[in-house]
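See below for the structure under consideration.
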Amino acid sequence: MERLPSIQPIRMNGLPESLRLHPLCYPQWTYFYLTEGEVLLEVPERNLLVGAGQLLLVPEGMPFTLRHAALCQGFEGSFRLEQLKDSSYGILRSARPLLQSFWFDDAVFLGQLLQRLCIAREDGDEAFLRSGLDLLLSQIRPQQNVAAIPDAFLQLVFDRQHLGLSVSDYAAQLGVSPNYLNKTVKQHTRRTAIDWIELARLEAAREWLKDPAIPISEVAARTGFEDPSYFARFFKKKTGTPPSRFRKKS
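Here is the structure:
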């Protein structure tokens, strides 16, 4: 069993095929902190978007799936309770993931702390790792910093039963106006509702195109495109590769 908590830098633009939509589950507590970019993780019953200056803490044994990543830089790490200096923090009794935002000086401080933890991990400095994790955990407050409407929208938009829906359709399901949905999603995720709809369709299309038993016309229909040629143009615009060529390479 590993004696020291783990921590390493994140540098990722897009999801490697080895991680794409494959559920992960670790027996340790896991955390992600981004200094740039964004990553979308699916945890039981919800999707969580982590952006620059945000830290996500995932309880031990909780499965999660990486749904989307763009221009990510930051840190990821994990620890067991017995590796901590103090394991009595209330947040460590949570059965739900915790997402916290840090701004300005606090965000800079946290990035510097995690960078120093990476160095301590390489040097085998157990004392600093224990103290550094203690300081990190003391910065996390036991509340969810996720807006209800954007959270529910992300949950719906990555549900493959809803891929053909429009912004108006999602707004109706959530009981808000399309304008309000667009405004609040952009405010809290820095992407428009249309951006997320297209990302969800693209991720699903990638997976279905890998199955040669599914005709490309059916992939188009499943992802909400009535016209296969329009789907082909959309897919090529977003990936630089036509669906037929992507299928041959997969």
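Position 109 of the sequence shown, counting from 1, maps to 112 under my numbering, and the rest follow consecutively.
For glycine and all other residues, C-beta sits at the position ideal for the given N, C-alpha and C.
If you compare alpha carbons, which of the options is closest to residue i?
i: Q142; options: L18, L27, Y36 and K251; result: Y36
i: A73; options: L44, P100 and K251; result: L44
i: R70; options: R204, G227 and K252; result: R204
i: P8; options: R209, I217, L166 and R124; result: R124
i: F234; options: A216, L212 and K251; result: L212
i: L58; options: F82, F105, P181 and R49; result: F105
i: P100; options: P66, R236, D128 and A224; result: P66
i: T68; options: F228, A98, S220 and P19; result: P19
i: K252; options: R236, P215, P231 and E229; result: P215
Is residue i buried or exposed, if buried means 16 or more other CB atoms sit within 10 Å of its CB?
i: Y183; result: exposed
i: A196; result: buried
i: L27; result: exposed
i: N148; result: Low confidence applies to N148: its pLDDT is 47, below 50, so where it sits in the model is not reliable, and the reading given next is rough at best. Counting Cβ neighbours within 10 Å, N148 comes out exposed, since fewer than 16 surround it.
i: M4; result: Note that M4 scores a pLDDT of 48, beneath 50, so its modelled location is shaky; the value from the coordinates is reported in the next line. Classification for M4: exposed.
i: V222; result: buried
i: H25; result: exposed
For residue i, I'd like the list of residues in its chain whose CB is within less than 8 Å of its CB, leaving aside the five on either flank, ordered along the chain.
i: E257; result: Residue numbering for the chain in the displayed model covers 4 to 253; residue 257 lies beyond these limits and cannot be assessed.
i: G17; result: A72 and A73
Rounded C-beta distance between residue i and residue j? I'm assuming under 8 Å.
i: Q11; j: E63; result: About 18 Å; that fails the 8 Å criterion.
i: W32; j: F112; result: No, W32 and F112 are not in contact; Cβ-Cβ is about 21 Å, not under 8 Å.
i: V53; j: V61; result: Rounded, the Cβ-Cβ distance is 11 Å, inconsistent with contact.
So, for residue i: in the same chain, excluding its five sequence neighbours on each side, which residues have a beta-carbon less than 7 Å away from its beta-carbon?
i: Q115; result: none
i: L202; result: H71
i: T244; result: none
i: S90; result: L84
i: A155; result: L177
Only counting the same chain, and skipping five residues up and downstream in sequence, which positions put a Cβ closer than 6 Å to that of residue i?
i: F249; result: L212
i: K241; result: L205
i: T2; result: Residue 2 lies beyond the stretch modelled for the chain, which goes from 4 to 253, so this question has no answer here.
Open item on the list: If contact is defined by three or more beta carbon pairs under 8 Å, each pair taking one atom from either stretch, is the region 81-89 in contact with the region 121-136?
Closed with: yes
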